[in-house]
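*Asks:*
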Amino acid sequence: MPKSIETKHYEERAKFFDDLRRLDRRGFMRVAGLSAGIVAAKGLVTPQSFQLIEVADAATTPPSKPKFTFAYISDTHLYDRKANDRFVRSILKAVDDVNRLDPQPDFVLFGGDLAQLGQKEELDLGAQILKGLKAPVRMMVGEHDWFLDMGARWRELFGQPQYSFDHKGVHFVTLMSVNEKDFWTAPGYSPMERMKIVAGLDDGRQSRFEVGPEGRDWLKADLAKVDKKTPLVVFSHSPLYKYYRNWNFWTEDADDVQALLKPYQSVTVIHGHTHQLLTNRIGNISFHGMLSTAWPWPYAPEGLPSLTVQMNRSDPFSNFDGCGDGRIDVLESGLVDKLYNLWERDPVTVRASYLASGKDDRPPATKLPSY
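Here the numbering used here is used: the first residue of the sequence shown is 1, the next is one more, and so on.
#1: Considering A71, what are the terminal residues of the beta strand (DSSP E) in which it resides?
#2: Can you give me the start and stop residues for the beta strand (DSSP E) that K242 sits inside?
#3: Confirm, please, whether the CB-CB distance from Y264 to L307 is below 9 Å.
#4: Between Q310, L342, S333, which lies nearest to L368 when the distance is taken from Cα to Cα?
#5: Which of the three DSSP states is assigned to D255 in this structure?
#6: Does the Cβ of G118 have 16 or more other Cβ atoms within 10 Å, making it buried, or fewer, making it exposed?
#7: Hey, could you find the ends of the beta strand (DSSP E) N280 is sitting in?
#8: Exposed or buried, P105, counting other C-beta atoms within 10 Å across all chains shown (16 or more means buried)?
#9: How many angstroms separate the CA atom of V330 from the CA atom of H171?
#10: If T76 sits next to L114, beta carbons under 8 Å apart, how far is it from one beta carbon to the other, in whole angstroms?
#11: Buried or exposed for D24, please, with buried defined as at least 16 other CB atoms from any protein chain shown within 10 angstroms of its CB.
#12: Since H275 is in the beta strand (DSSP E), which residue starts that stretch and which ends it?
#13: Under the rule that 16 or more other beta-carbon atoms within 10 Å means buried, what is T185, buried or exposed?
#14: Between A365, K359, A356, which lies nearest to D378 when the distance is taken from Cα to Cα?
#15: Nearest by alpha-carbon distance to S292: which of F68, K67, K65, Y72 is it?
#16: Mind checking who D329 pairs with in its DSSP beta bridge?
#17: Within a Cβ cutoff of 7 Å, which residues of the same chain sit near Y79, ignoring the five residues on either side of it in sequence?
#18: By alpha-carbon positions, which one of S90, W218, R81, R194 ends up nearest to F320?
#19: CA-CA distance, A352 and M192?
#20: Would you check if the distance between the CB atom of D251 and the CB atom of L260 is smaller than 9 Å?
#21: Less than 9 Å between the C-beta atoms of V267 and V233, yes or no?
#22: Identify the residues that DSSP records as bridge partners of N179: which are they?
#23: So, are the CB atoms of N246 and S238 less than 9 Å apart?
#24: For A152, count neighbouring Cβ atoms within 10 angstroms of its own Cβ and tell me buried if that reaches 16, exposed if not.
#25: On the criterion of 16 or more Cβ atoms from any shown chain inside 10 Å, does K375 qualify as buried, or is it exposed?
#26: Would you call N280 buried or exposed, if buried means 16 or more other Cβ atoms sit within 10 Å of its Cβ?
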């Protein structure tokens with residue numbers, strides 16, 4: 001028997017809402033005006049205040065689901081437990097955070113500056129604590145780990161500071177980005193004195209951080225075997241752009257490194273060192289800073305990337321405020337959504353769609369003074 005008009009309308013209405021449930025938020029907003037008009041014309045619903053909303057970046061940021069997840073802990077700055085146990089409590093809190101994730105991340109990135117002064121006791125303590133993580137750990141070196149003995153103990157514990165690996169269709173590169181021009185052989189400095197010069201980021205006796213000629217040659221050779229369409233995720237302790245030179249929030253040869261990354265379709269850099277929620281995009285390269293478990297740095301007086309949505313000023317009476325750890329969801333597109341797990345605050349997610357458009361899915365702005 002032929003279907004009645006009411007039956008046809010019911011089936012069309014059911015199909016419409018079934019299709020609607022499959023849309024993501026952006027797709028819904030794009031078609032809402034058109035769909036409302038069609039449905040109203042069919043007499044199915046009374047039109048409300050739907051309007052057609054244009055999404056300029058829809059073609060460049062297609063919907064993408066998480067492909068896999070990794071977590072991070074960074075900038076723990078450990079002293080020997082007897083000298084200061086505050087930072088020990090912080091890294092233990094971060095390890096507990098990551099171990100509670102369900103499902104567990106594919107791996108955990110340690111983002112550098114495990115130690116404060118690069119001493120054996122500090123590095124050994126950090127290595128022992130990180131063994132408590134359930135997921136495998138990928139290590140990255142920071143300047144505080146390296147310059148007391150020029151990486152001798154680091155290599156014994158963790159291997160080479162520069163390496164790459166492939167995981168589920170993504171090529172990962174870990175760079176040694178805190179090299180400095182030589183002042184280690186200059187007379188009058190003990191190893192600890194040189195270490196303390198490096199730890200003082202605005203000390204004029206040291207040069208700015210760099211990947212360096214050897215590191216760039218290594219990166220060029222490593223990338224030569226990678227297809228240009230393969231997503232790249234680069235781990236770098238120092239930000240691979242020029243943020244604020246006076247504090248060494250800066251990589252001297254960042255332009256040269258970016259040129260090596262430019263030919264690739266999708267590139268994300270995850271960096272430590274700055275101890276803050278920090279977001280940047282240069283051409284095809286997205287940049288995300290990592291939180292510290294030790295303390296938050298203030299934002300620099302100039303050079304802050306325009307995409308950064310600043311954190312509230314930290315509470316000086318709380319050891320944990322402005323600190324934290326985080327998670328990175330690698331999407332099917334090869335881009336990432338970056339979650340900042342801020343202790344004692346609401347978490348903040350910086351989505352790939354925000355970096356691509358500069359406006360969509362923008363994180364909420366602070367309601368208090370930034371720091």
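Where a beta carbon is used, it is the ideal one built from N, C-alpha and C, also for glycine.
*Replies:* Taking the definition as stated:
#1: Counted from its first residue, the sequence shown places residue 71 at position 71. Taken as a continuous stretch (DSSP letters only), the beta strand (DSSP E) holding A71 covers 66-73.
#2: The residue labelled residue 242 in the question sits at position 242 within the sequence shown. Taken as a continuous stretch (DSSP letters only), the beta strand (DSSP E) holding K242 covers 242-244.
#3: The residue labelled residue 307 in the question sits at position 307 within the sequence shown. The residue labelled residue 264 in the question sits at position 264 within the sequence shown. The answer is no: Cβ separation not under 9 Å.
#4: Locating residue 368 in the sequence shown gives position 368, where the first residue counts as 1. Nearest of Q310, L342, S333 to L368, Cα basis: Q310.
#5: By one-based count along the sequence shown, residue 255 stands at place 255. Reduced to three states, the DSSP call for D255 is helix.
#6: Here residue 118 refers to the residue found at position 118 when the sequence shown is read from its first residue. Result: buried.
#7: Position 280 of the sequence shown, counted from the start, is the residue given in the question as residue 280. Where N280 is concerned, the enclosing beta strand (DSSP E) stretches over 279-282.
#8: Working through the sequence shown from its first residue, we reach residue 105 at position 105. So P105 ends up on the buried side.
#9: Numbered from its first residue, the sequence shown carries residue 330 at position 330. Numbered from its first residue, the sequence shown carries residue 171 at position 171. Near 12 Å, if we compare the C-alpha coordinates of H171 and V330.
#10: Sequence index remark: in the sequence shown, residue 76 carries index 76 (1-based). Sequence index remark: in the sequence shown, residue 114 carries index 114 (1-based). About 6 Å; that satisfies the 8 Å criterion.
#11: Along the sequence shown, read from residue 1 onward, the residue named residue 24 stands at position 24. With a pLDDT of 37 at D24, under the threshold of 50, the modelled position of this residue cannot be trusted; read the value that follows with caution. Answer is exposed; the Cβ neighbour count stays below 16.
#12: Numbered from 1 along the sequence shown, position 275 holds the residue referred to as residue 275. Unbroken run through H275: none, as it is neither H nor E.
#13: Here residue 185 refers to the residue found at position 185 when the sequence shown is read from its first residue. Under this definition T185 is an exposed residue.
#14: Because the chain in this structure spans residues 1 to 371, residue 378 falls outside the shown range and cannot be described.
#15: Start at 1 with the first residue of the sequence shown, and residue 292 comes out as number 292. Checked all of F68, K67, K65, Y72; the closest Cα to S292 is Y72.
#16: Along the sequence shown, read from residue 1 onward, the residue named residue 329 stands at position 329. Paired residues: T69, D337.
#17: Here residue 79 refers to the residue found at position 79 when the sequence shown is read from its first residue. Cβ neighbours of Y79 beyond the five flanking positions: F87, Q116, E122.
#18: In the sequence shown, the residue the question calls residue 320 occupies position 320. That would be S90, whose Cα lies nearest to the Cα of F320.
#19: Position 352 of the sequence shown, counting from 1, holds the residue named residue 352. Position 192 of the sequence shown, counting from 1, holds the residue named residue 192. So the alpha carbons of these two residues sit roughly 42 Å apart.
#20: As a working mapping, residue 251 is identified with position 251 in the sequence shown. As a working mapping, residue 260 is identified with position 260 in the sequence shown. The sequence shown places Thr at residue 251, not Asp. Against a cut-off of 9 Å, the Cβ pair of L260 and T251 comes out as no contact.
#21: Here residue 267 corresponds to residue number 267 of the sequence shown, with the count starting at 1. Here residue 233 corresponds to residue number 233 of the sequence shown, with the count starting at 1. For V267 and V233, yes; Cβs fall inside 9 Å.
#22: Within the sequence shown, the letter at position 179 stands for residue 179. Paired residue(s): E210.
#23: Looking up residue 246 in the sequence shown gives position 246. Looking up residue 238 in the sequence shown gives position 238. No, they are not a contact pair.
#24: Counting from 1 along the sequence shown, the entry for residue 152 is found at position 152. Flag for A152 reads exposed.
#25: In the structure as shown, the chain starts at 1 and stops at 371, and residue 375 therefore has no counterpart that could be examined.
#26: Position 280 of the sequence shown, counted from the start, is the residue given in the question as residue 280. That one is buried.
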